[in-house]
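This report concerns only the one structure given below.
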Amino acid sequence: MNDDVLSRIGMDLFFDEFAPLAPAGSACLEWGKPQYTTRVAACNASTTWNFRFARSGKAAINHKKRTLNADLNRLSASDMAGWPRFGTIICNQVFEHISSPFQAAVAIAEMLAPGGVLLFTAPFMEPFHRMPGDFFRYTFDGARTLFETAGLQVVAQRKIGNTMLASAHLLGFGSGDFEAGLLRRELVRKVDNPLKPMNRVDEWAFIETALVAHKTK
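Be aware that the sequence shown starts at 4, since it is given in this note's numbering, and climbs by one per residue.
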């Protein structure tokens, strides 16, 4: 990880802010090699699983390696029969690569245990990048709608960056190009009222959207 990259610093701050919400003693899930679960005290190496994209679309589980192999676009409840349910799911920069996001959000809700927490980020202003495809960018309205439609309760939303920082990020500027105080104030911003009009220029753009969602039952 490049700690100079504005988006990465913002995601670190977001996950550190909400890591205490992770239920203790439950399994955790992250995409690919565990990175952000290592920042969550409730997640440890013996209870953390990783989700890997299966190009074939065939869902499989490896208990020994604690790995789930599947395609979120085609993952059904029957595919997940016998899978663990997770107290914490960290879905970081995944959904731009998902062609059927509403179906994928339902699958994530199914994988959460009752009382479980989802920590989610997705790009709003990031360069196009295929892994293997790059389909969408997300406003905070769009991200919230995805998971509320899937039956989760969105309890917090954040924007990573403002218009200036998002523009700078796309032009290749990093943390060393800004005063530390400005980054502390502006890099992770609360979305206090999602329905409030965004009339100020500094509110029009951001780098990532981030949210915390809870499964109540």
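The C-beta atom is built at its ideal place from N, Cα and C for all residues, glycine as well.
Check, Outcome
"Within this structure, are the beta carbons of Ala-80 and Ala-57 separated by less than 8 Å?", "no"
"Mind checking which residues open and close the beta strand (DSSP E) that includes Phe-109?", "First, the residue type needs correcting, since residue 109 is Val and not Phe in the sequence shown. No beta strand (DSSP E) contains Val-109, which is instead part of the alpha helix (DSSP H) from 104-114."
"If you compare alpha carbons, which of Ser-170, Phe-150, Ala-159, Ala-125 is closest to Asn-196?", "Ala-159"
"Considering Cα atoms alone, identify which of Ala-213, Arg-147, Arg-192, Leu-186 is closest to Val-8.", "Leu-186"
"Can you round the beta-carbon distance between Ile-163 and Val-191 to whole angstroms, since I take them to be within the 8 Å contact cut?", "6 Å"
"Tell me which residues share the same chain as Gln-106 and place their Cβ nearer than 7 Å to its Cβ, disregarding the 5 neighbours each side in the sequence.", "Asn-76"
"Use the C-beta contact count for Lys-218: other C-beta atoms within 10 angstroms, 16 or more gives buried, fewer gives exposed.", "buried"
"Are the Cβ atoms of Phe-17 and Thr-124 separated by less than 8 Å?", "yes"
"Under three-state DSSP, which class holds Phe-89?", "strand"
"Work out the CA separation of Arg-133 and Asn-5 for me, nearest whole Å.", "Model confidence at Asn-5 stands at a pLDDT of 44, short of 50, so the residue's coordinates are unreliable; what they give is reported in the following sentence. Roughly 20 Å separates the two Cα atoms."
"What separation, rounded to the nearest whole angstrom, lies between the Cα atoms of Val-13 and Thr-212?", "Checking the sequence shown, residue 13 turns out to be Gly, not Val. Their backbone Cα atoms lie some 10 Å apart in a straight line."
"Looking only at its own chain, which residues have a Cβ that is under 7 Å from the Cβ of Leu-78, when we skip the five neighbours before and after it?", "Ala-62, Ala-110"
"Report yes if the CB atom of Glu-99 is closer than 8 Å to the CB atom of Pro-135, and no otherwise.", "no"
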